[in-house]
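Undergrad:
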Amino acid sequence: MAPVIRPMHGSADSAMQPVSLGGMSIGAVVALTVGAVFAVAGLATYGYKSLKRRREESPGFRLSSVIKRSLAEEGRAQKISRNLSLHNQQQRQQQQQQRQGESPTTPDALQMMSEGNSPVSDTGPQAEEAAGNLGSLTFSVLYDKCKQTLLVTIVRCEDLPAKDAHLGSSDPYVKLQLLPEKRHK
Numbered sequence: 001m002a003p004v005i006r007p008m009h010g011s012a013d014s015a016m017q018p019v020s021l022g023g024m025s026i027g028a029v030v031a032l033t034v035g036a037v038f039a040v041a042g043l044a045t046y047g048y049k050s051l052k053r054r055r056e057e058s059p060g061f062r063l064s065s066v067i068k069r070s071l072a073e074e075g076r077a078q079k080i081s082r083n084l085s086l087h088n089q090q091q092r093q094q095q096q097q098q099r100q101g102e103s104p105t106t107p108d109a110l111q112m113m114s115e116g117n118s119p120v121s122d123t124g125p126q127a128e129e130a131a132g133n134l135g136s137l138t139f140s141v142l143y144d145k146c147k148q149t150l151l152v153t154i155v156r157c158e159d160l161p162a163k164d165a166h167l168g169s170s171d172p173y174v175k176l177q178l179l180p181e182k183r184h185k
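Here the sequence shown is numbered in the UniProt record's numbering, starting from 1 and rising by one per residue.
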């Protein structure tokens with residue numbers, strides 16, 4: 001509706017009458033417009049803050065520095081496979097070194113220790129029997145950047161000892177422990 005401007009009757013200088021829009025004065029229209037702008041701005045600010053808070057509270061937002069660094073370097077999901085089986089010859093060498101009380105300083109033993117396989121510290125006969133009958137377990141670790149999940153899959157297991165002697169079956173599983181980054185002083 002267009003504003004209507006009418007000359008005042010009875011005045012000699014033909015002064016203008018105040019403009020009204022649908023029965024409301026211009027001051028009321030300006031006040032309502034300013035109020036609506038502030039209301040929309042307030043709702044937008046509230047929505048932004050609540051969305052930001054929800055994003056910060058998600059578990060994927062608080063990744064450790066090691067995972068953040070590896071994600072920044074690689075930029076995609078990387079599959080890491082490790083074979084944790086010890087060959088019979090390496091197991092025999094390890095057992096002989098433990099019996100003799102020597103430290104594992106051969107290149108094969110150092111390589112085994114660097115791959116994450118540590119020698120058995122208990123030198124009792126039960127530990128030696130258990131070390132010889134552990135079998136092998138191959139698993140893969142996959143980090144999915146989109147879903148922010150770490151997926152551990154057992155690929156193959158061979159010659160695992162029985163969980164229960166009466167049942168004769170084994171229950172293979174992988175226990176994975178993420179450690180914080182070590183900083184040297």
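Beta carbons: idealized from backbone N, C-alpha and C, even for Gly.
#1: By DSSP, does residue 174 sit in helix, in strand, or in coil?
#2: Measuring straight from C-alpha to C-alpha, what distance separates residue 42 and residue 52?
#3: With DSSP as the reference, identify every bridge partner of residue 55, one or two as the case may be.
#4: Taking C-beta to C-beta, are residue 155 and residue 140 nearer than 8 angstroms?
#5: Evaluate residue 178 with the Cβ neighbour count: other Cβ atoms within 10 Å of its Cβ, from every protein chain shown; 16 or more gives buried, anything less gives exposed.
#6: Which residues mark the beginning and the end of the beta strand (DSSP E) in which residue 158 is found?
#7: Quick check on the DSSP output: the beta strand (DSSP E) that includes residue 144 runs from which residue to which?
#8: Note down, in chain order, each residue of its chain lying with its Cβ closer than 6 angstroms to the Cβ of residue 176, except the 5 sequence neighbours on either side.
#9: If distances are taken between C-alpha atoms only, which option among 147, 138, 149 comes closest to residue 174?
TA: The structure says:
#1: coil
#2: 15 angstroms
#3: Answer by DSSP bridge pairing: none, since residue 55 is not bridged.
#4: yes
#5: exposed
#6: 149-158
#7: 136-144
#8: 152
#9: 138
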